[in-house]
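Student:
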Amino acid sequence: MKMANGYRVWKYGDDVDTDVIVPARYLTTSVPSELAAHCMEDIDSGFASGVMKGDVIVAGRNFGCGSSREHAPIAIKASGVSCVVAASFARIFYRNAINIGLPILECPEAAAEADSGDMMEIDLEAGTVSNLTKGATRNAAPFPPFMRGIMEAGGLIEYVSAQRKAATVDGKDERA
Amino acid sequence: MAMTMTQKILAAHSGEVSVEAGQLIEAGLDLVLGNDVTAPVAIKEFRKIEGAKVFDRSKIALVPDHFAPNKDIKAAEQCKAMRDFAREHNIEHYFEIGCMGIEHALLPERGLVLPGELVIGADSHTCTYGAVGAFSTGVGSTDMAAGMATGRAWFKVPAAIRFVLTGKMAGWATGKDLILSIIGAIGVDGALYRSMEFDGPGVAALSMDERFSIANMAIEAGAKNGIFPVDERTRAWAASVSSRPFAEYSADADAEYERTVEIDLASVRPTVAFPHLPSNTRLAADSGGVAVDQVVIGSCTNGRIEDLRVAASILKGRGVARGVRCIVFPATQKIYLEAVREGLVETFIEAGAVVSTPTCGPCLGGHMGILAEGERAVATTNRNFVGRMGHPGSEVYLASPATAAASAVTGRITDPGAVMAAPERA
Ligand code: SF4
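Chains Z and S, in that order, are what the protein sequence lines are. Heads up: the first sequence runs through residues 6 to 181, numbered per my numbering. Heads up: the second sequence runs through residues 1410 to 1835, numbered per my numbering.
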């Protein structure tokens, strides 16, 4: 898994919904770069132009609530964000992020103490979030092994493909 | 091990004798749903799986409703991608313009979701089908792609919150007011990752249309699903839409709930959610007469025939206030036709409202009623986030069809009781 080293924090509040992550008026496309150009536009017009590769989004409770649009994590991932740290995530967003391989961590302490512009270092394997500016390291809730399997495969599609290949090799083609 | 209703359906579909909250399971799917926004992404992912075929061409539903009838060239391309896929894989339940409707009203109407079934949909309001005693939940496009290929999906078995309903609603109060007041009380993450299980003697008096509108908004409390017990009304409804056999599940008497909330339905009043969260609720009577520019009556929450009847009863002979734009969109073609036959469409047009073809339209700020900066709408939809119906500087107030229609008459957010006395509840 990738590691983000000393990247800048973009801090948001509670209940950041998928309508502000990618407004519906842009949903007539699913091209990642086009979606990224409008990421967070309605709550932070400076995000899309200012975000740099590796930056971290930190937010409060219920991040990603609202619609099931996978365009939301896709836009965040395509804008170069290396990880989203939040006090909690809305469940469909959580699922989608894992399925498309956008690293996310649930860590209420780290979320509460971070401010925009802080430098943050994240170790996904260890599940630690270090706020270099504040000088605090916090532990995030670890992923269950099942979900780690999906993430390690590179996403759900890769996971399913690998399973199908294995099944074919075993001589029982599940596609039949 | 005692189980909730949701847990029983999940157990039955995963081949387990019993499941418990927190357990990760893989379950077989009875239906996989996608729309013109989410399916194109899913189709792209699906094509990445080598040699993939759909698991069952009769268990996939594709509905162009969000930007259809095609809003612009990009929307047309998205709908085309879905149509082409439907042809290529011979998908039985693809709904072209002419027989389409808003997915969550359309699927139950077509008998595609029955009690005890397990449905995933790449749309967050897939939780609507809990109204008929099914387990259904929203997922993303990648889950939809994997579901179409394998007929299976992974789930974390949810813990549950039980809502025991007693008494009977009175006056203009409806299922929409009930769910808004619940979300107002528990918050937009009040049921995060949980199932909301409705129960109690008060359920019997709720119509199917009300149950749909209540289950529809479970996601607005963060829930994985919302579910109603199967009763006489459900069985009669099921018989009217399908002749397929179905299984009934009910919670064990000693099932574990994280918490139990008791609600006396007689205490529910017309309720409005102020911007910009569905939990920001106030009584319609205490809304301070906020002036509105637009009134939207429709959506997967409240675009069903009962909703249109209520709205028409208030608009009849009164008319839409000068300066207010009132848009009515029946949720499906069947509902539209019924509204024509019952004379409701005539009432709406005579009152000065416009009636649209079924579409999600303004509900998600798509088309057919977008708000300009500084404008306000009362809508019977389910979300009032920043920019949901158009400009990020516009506002959406969520309400029942009765409150929306009354507000159209006065041009201000109005308790329907102030415009017309409520009829006796059946
Ligand atoms: S009517 Fe609104 S909430 Fe319902 S499916 Fe369409 S966009 Fe989503």
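Even glycine gets a Cβ: it sits at the ideal position worked out from N, Cα and C.
Residues of chain S with CB under 8 Å from alanine 95 (chain Z), in chain order?
Tutor: Mapped onto the first sequence, residue 95 (chain Z) falls at position 90. What alanine 95 (chain Z) touches in chain S: Asp1598, Leu1601 and Gly1631.
Student: Under 7 Å: does the beta carbon of histidine 1685 (chain S) sit that close to some heavy atom of the ligand SF4?
Tutor: Position 276 of the second sequence, counting from 1, holds the residue named residue 1685 (chain S). No.
Student: Output yes or no for whether 8 Å exceeds the beta carbon distance between aspartate 1663 (chain S) and alanine 1411 (chain S).
Tutor: The residue given as residue 1663 (chain S) occupies position 254 in the second sequence. The residue given as residue 1411 (chain S) occupies position 2 in the second sequence. Yes, these two residues count as a Cβ contact at 8 Å.
Student: If the cut is a Cβ gap below 8 Å, which residues of chain S does asparagine 144 (chain Z) touch?
Tutor: By 1-based counting over the first sequence, the position of residue 144 (chain Z) is 139. Chain S residues near asparagine 144 (chain Z): none, gap ~20 Å exceeds 8 Å.
Student: Does the distance between the C-beta of serine 1708 (chain S) and the nearest non-hydrogen atom of the ligand SF4 fall short of 7 Å?
Tutor: In the second sequence, counting from the first residue as 1, residue 1708 (chain S) sits at position 299. It does: the Cβ of serine 1708 (chain S) is within 7 Å (strictly closer) of some heavy atom of the ligand SF4.
Student: Does the distance from the CB of valine 1522 (chain S) to the CB of leucine 32 (chain Z) come in under 8 Å?
Tutor: In the second sequence, counting from the first residue as 1, residue 1522 (chain S) sits at position 113. In the first sequence, counting from the first residue as 1, residue 32 (chain Z) sits at position 27. Not closer than 8 Å, so no.
Student: Could you check where the beta strand (DSSP E) with serine 135 (chain Z) kicks off and where it finishes?
Tutor: Mapped onto the first sequence, residue 135 (chain Z) falls at position 130. Segment 133-136, the beta strand (DSSP E) holding serine 135 (chain Z).
Student: Taking arginine 1519 (chain S) as the reference, give the member of S:Asn1479, S:Asp1586 and S:Gln1742 with the closest Cα.
Tutor: Reading the second sequence from its first residue, position 110 is the one you call residue 1519 (chain S). Of S:Asn1479, S:Asp1586 and S:Gln1742, the residue nearest in Cα terms is S:Gln1742.
Student: If you compare alpha carbons, which of S:Val1719, S:Ala1827 and S:Trp1581 is closest to arginine 1678 (chain S)?
Tutor: Taking the first residue of the second sequence as position 1, residue 1678 (chain S) is located at position 269. Of the listed residues, the one whose Cα sits closest to arginine 1678 (chain S) is S:Trp1581.
Student: What is the C-beta distance between proline 1478 (chain S) and methionine 1491 (chain S), in whole angstroms, given that I count them as a contact (C-beta under 8 Å)?
Tutor: The residue labelled residue 1478 (chain S) in the question sits at position 69 within the second sequence. The residue labelled residue 1491 (chain S) in the question sits at position 82 within the second sequence. Going by Cβ atoms, the distance from proline 1478 (chain S) to methionine 1491 (chain S) rounds to 14 Å, so no, they are not a contact pair.
Student: Is DSSP giving cysteine 1769 (chain S) helix, strand or coil here?
Tutor: Translated into positions along the second sequence, residue 1769 (chain S) becomes position 360. DSSP places cysteine 1769 (chain S) in coil when its eight states are reduced to three.
Student: Buried or exposed: where does arginine 1571 (chain S) fall if 16 or more other Cβ atoms within 10 Å of its Cβ makes it buried?
Tutor: Residue mapping note: residue 1571 (chain S) aligns to position 162 of the second sequence, counting from 1. It is buried - the Cβ of arginine 1571 (chain S) has at least 16 other Cβ atoms within 10 Å.
Student: Would the stretch 1709-1717 of chain S count as touching the stretch 1651-1663 of chain S if we require 3 or more Cβ pairs under 8 Å?
Tutor: No: fewer than three Cβ pairs fall under 8 Å.
Student: Look up isoleucine 1736 (chain S) in the DSSP assignment and say whether it is helix, strand or coil.
Tutor: Locating residue 1736 (chain S) in the second sequence gives position 327, where the first residue counts as 1. Correct three-state label for isoleucine 1736 (chain S): strand.
Student: Under DSSP, the alpha helix (DSSP H) around alanine 158 (chain Z) begins and ends at which residues?
Tutor: Along the first sequence, one-based indexing puts residue 158 (chain Z) at 153. Where alanine 158 (chain Z) is concerned, the enclosing alpha helix (DSSP H) stretches over 150-158.
Student: Suppose only complete runs of 4+ residues qualify. What are the alpha helix (DSSP H) ranges in the stretch 1674-1715 of chain S, listed by chain order?
Tutor: Counting whole runs of 4 or more residues, the stretch 1674-1715 of chain S contains the alpha helix (DSSP H) stretches 1708-1711.
Student: Comparing alpha-carbon positions, which option in S:Asp1640, S:Gly1593 and S:Ala1461 lies nearest leucine 1615 (chain S)?
Tutor: Stepping through the second sequence from its first residue, residue 1615 (chain S) is reached at position 206. Closest option to leucine 1615 (chain S), Cα to Cα, is S:Asp1640.
Student: Leaving out five residues on either side along the sequence, give the residues of the same chain with a beta carbon under 8 Å from the beta carbon of arginine 96 (chain Z).
Tutor: The count along the first sequence starts at 1 and reaches residue 96 (chain Z) at position 91. Result list for arginine 96 (chain Z): empty, nothing under 8 Å.
Student: What does aspartate 1532 (chain S) touch in chain Z if you count any residue whose Cβ is under 7 Å from its own?
Tutor: On the second sequence, position 123 is the one that residue 1532 (chain S) refers to. Near aspartate 1532 (chain S) (Cβ distances below 7 Å), the residues of chain Z are Ser73.
Student: In angstroms, rounded to a whole number, what distance separates the CA positions of alanine 1430 (chain S) and phenylalanine 151 (chain Z)?
Tutor: Residue numbering aside, residue 1430 (chain S) sits at position 21 when the second sequence is read from its first letter. Residue numbering aside, residue 151 (chain Z) sits at position 146 when the first sequence is read from its first letter. Each residue's alpha carbon lies about 16 Å from the other.
Student: Could you say which of S:Ser1816, S:Glu1755 and S:Lys1468 lies nearest to lysine 1725 (chain S) if we only look at CA atoms?
Tutor: One-based indexing of the second sequence puts residue 1725 (chain S) at position 316. Comparing Cα-Cα distances from lysine 1725 (chain S) to each of S:Ser1816, S:Glu1755 and S:Lys1468, the minimum goes to S:Glu1755.
Student: Taking C-beta pairs closer than 7 Å, name the residues in chain Z that glutamine 1858 (chain S) reaches, listed in chain order.
Tutor: The displayed coordinates of chain S run from 1410 to 1835. Any statement about residue 1858 (chain S) would go beyond what the structure contains.
Student: Who are the Cβ neighbours of alanine 1470 (chain S) in its own chain at under 7 Å, not counting the five residues just before and after it?
Tutor: Numbered from its first residue, the second sequence carries residue 1470 (chain S) at position 61. Around alanine 1470 (chain S): Leu1440, Leu1442, His1502, Leu1516 and Leu1521.
Student: Grab me the residues of glycine 176 (chain Z)'s own chain with a C-beta within less than 6 Å of its C-beta, minus the 5 sequence neighbours each way, in chain order.
Tutor: As a working mapping, residue 176 (chain Z) is identified with position 171 in the first sequence. Any answer about glycine 176 (chain Z) is weak, because its pLDDT of 47 lies below 50 and its placement is not dependable; what the coordinates show is given next. Here the set comprises nothing.
Student: Looking at cysteine 1488 (chain S) and the ligand SF4, is the gap between the Cβ and the nearest heavy atom below 7 Å?
Tutor: What you label residue 1488 (chain S) is simply residue 79 of the second sequence in a count that begins at 1. Cysteine 1488 (chain S) Cβ: outside cutoff for every heavy atom of the ligand SF4.
Student: Have a look at serine 166 (chain Z) and alanine 1555 (chain S) and give me their C-alpha separation to the nearest angstrom.
Tutor: Taking the first sequence and counting its residues from 1, the one referred to as residue 166 (chain Z) is at position 161. Taking the second sequence and counting its residues from 1, the one referred to as residue 1555 (chain S) is at position 146. If you take the alpha carbons of serine 166 (chain Z) and alanine 1555 (chain S), they lie about 9 Å apart.
Student: Using 8 Å as the threshold, is the C-beta distance between aspartate 60 (chain Z) and tyrosine 12 (chain Z) below it?
Tutor: As a position in the first sequence, residue 60 (chain Z) is number 55, starting the count at 1. As a position in the first sequence, residue 12 (chain Z) is number 7, starting the count at 1. Contact: yes.
Student: Roughly how far, in whole angstroms, is the beta-carbon of isoleucine 1723 (chain S) from the beta-carbon of alanine 1814 (chain S), given that I think they are within contact range, below 8 Å?
Tutor: Numbered from its first residue, the second sequence carries residue 1723 (chain S) at position 314. Numbered from its first residue, the second sequence carries residue 1814 (chain S) at position 405. Sure, about 4 Å apart at Cβ, within 8 Å.
Student: Give me, in chain order, the residues of the same chain whose beta-carbon lies closer than 7 Å to that of serine 1590 (chain S); leave out the 5 immediate sequence neighbours on both sides.
Tutor: Within the second sequence, residue 1590 (chain S) is the residue found at index 181, counting from 1. Cβ neighbours of serine 1590 (chain S) beyond the five flanking positions: Val1677, Thr1680 and Thr1690.
Student: Apply the 10 Å Cβ neighbour rule to leucine 1773 (chain S) and answer buried if 16 or more other Cβ atoms are within range, or exposed otherwise.
Tutor: Walking along the second sequence from the start, residue 1773 (chain S) turns up at place 364. Buried is the call here.
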